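**Student:**
In the working numbering, the protein residues as written are 148 to 407.
Next up, the structure:
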């Protein structure tokens, strides 16, 4: 987690393995901004182009384009590389500005750009609550270590999270929730935490560690599941062998029908 009190923002950066399309699409569902790091010579390959097509089809969130490694090229090749990249990017992202990411100053400019960037609206995010978990802890039961309680911590976005609804974990399925807690903010935007250390990087790391260590303290329970209102895990209809059963009419019923 990167804290920046001056810009009043905090960022959690994560990445997907190259070619892992499903992870890329899943991350795009919950991320605020996608940072595309382009190759200084080619921009992106055929795999990247396919991922972009899928992202556009699913719904592309706010994005930023940056080039890493172009400063290592000779000056003449830098100019040629920028012209080539501009043509490549124009097909997918018309009029989009390319940012450089080779120096600390350029990194600071990138963070400022991310902080001031207007967020794009995606309609499917308004339908349900979602979050990107930054911490998870599994507590097994005493009788059986294979089952237990999974504690997930993160910032809820979208709709209000209802404890009686099912929670879907990507790649694992649907689960019932036990309760929703509100711990202290593990990554507070407090300038005093940063100024207390000479090394800002060390200060950010200490702040994160202290937050995780004290996450259980001052815990406020917001909601507990109600068994009478909790959504069932049963997703399929159980077949009833007696459903739609048709019996043969009796002899009396046949005679009565013939008489009419």
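Where is the CB? At the ideal position from N, CA and C, for every residue including glycine. Note that the coordinates shown come from a computational prediction; the quantities given were computed from them, not determined experimentally.
Which first and last residues belong to the beta strand (DSSP E) in which residue 300 is found?
**Tutor:** Along the chain shown, read from residue 1 onward, the residue named residue 300 stands at position 153. 295 to 301 is the extent of the beta strand (DSSP E) around residue 300.
**Student:** I'd like the ranges of any beta strand (DSSP E) spanning at least 3 consecutive residues and lying wholly in the stretch 308 to 333.
**Tutor:** As far as the stretch 308 to 333 is concerned, its whole beta strand (DSSP E) runs of at least 3 residues are 313 to 316, 320 to 323, 326 to 329.
**Student:** Determine, using beta-carbon pairs with one atom in the stretch 239 to 254 and one in the stretch 266 to 280, whether at least three such pairs fall under 8 Å.
**Tutor:** no
**Student:** Count the CB pairs spanning the stretch 369 to 381 and the stretch 289 to 306 that are closer than 8 Å, and state whether there are at least three.
**Tutor:** no
**Student:** Exposed or buried, residue 228, counting other C-beta atoms within 10 Å across all chains shown (16 or more means buried)?
**Tutor:** Taking the first residue of the chain shown as position 1, residue 228 is located at position 81. With 16 or more Cβ atoms within 10 Å of its Cβ, residue 228 is classed as buried.
**Student:** Is DSSP giving residue 240 helix, strand or coil here?
**Tutor:** Your numbering for residue 240 matches position 93 in the chain shown. Note: residue 240 maps to coil in three-state DSSP.
**Student:** Per DSSP, what kind of secondary structure is residue 203 in: helix, strand or coil?
**Tutor:** As a working note, residue 203 is residue 56 in the chain shown. Of the three classes helix, strand and coil, the one that applies to residue 203 here is helix, per DSSP.
**Student:** Could you say if the stretch 241 to 253 and the stretch 200 to 209 meet the contact criterion of at least three C-beta pairs nearer than 8 Å?
**Tutor:** no
**Student:** Nearest to residue 154 by CA position, among 220, 324, 323, 262, is which residue?
**Tutor:** Here residue 154 refers to the residue found at position 7 of the chain shown. With distances taken between Cα atoms, residue 154 lies closest to 262.
**Student:** Can you check whether the CB of residue 173 is closer than 7 Å to the CB of residue 317?
**Tutor:** Walking along the chain shown from the start, residue 317 turns up at place 170. Walking along the chain shown from the start, residue 173 turns up at place 26. The answer is yes: Cβ separation under 7 Å.
**Student:** From this set, 258, 215, 384, which residue's C-alpha is nearest residue 180's C-alpha?
**Tutor:** Mapped onto the chain shown, residue 180 falls at position 33. Ranking the options by Cα distance to residue 180, first place goes to 258.
**Student:** Quick check on DSSP: helix, strand or coil for residue 305?
**Tutor:** Indexing the chain shown from 1 puts residue 305 at position 158. Here residue 305 sits in strand by DSSP.
**Student:** Could you have a look at residue 370 and say whether DSSP puts it in helix, strand or coil?
**Tutor:** Within the chain shown, residue 370 is the residue found at index 223, counting from 1. Of the three classes helix, strand and coil, the one that applies to residue 370 here is strand, per DSSP.
**Student:** By the 10 Å Cβ neighbour count, where 16 or more other Cβ atoms means buried, how is residue 183 classified, buried or exposed?
**Tutor:** As a working note, residue 183 is residue 36 in the chain shown. So residue 183 counts as buried.
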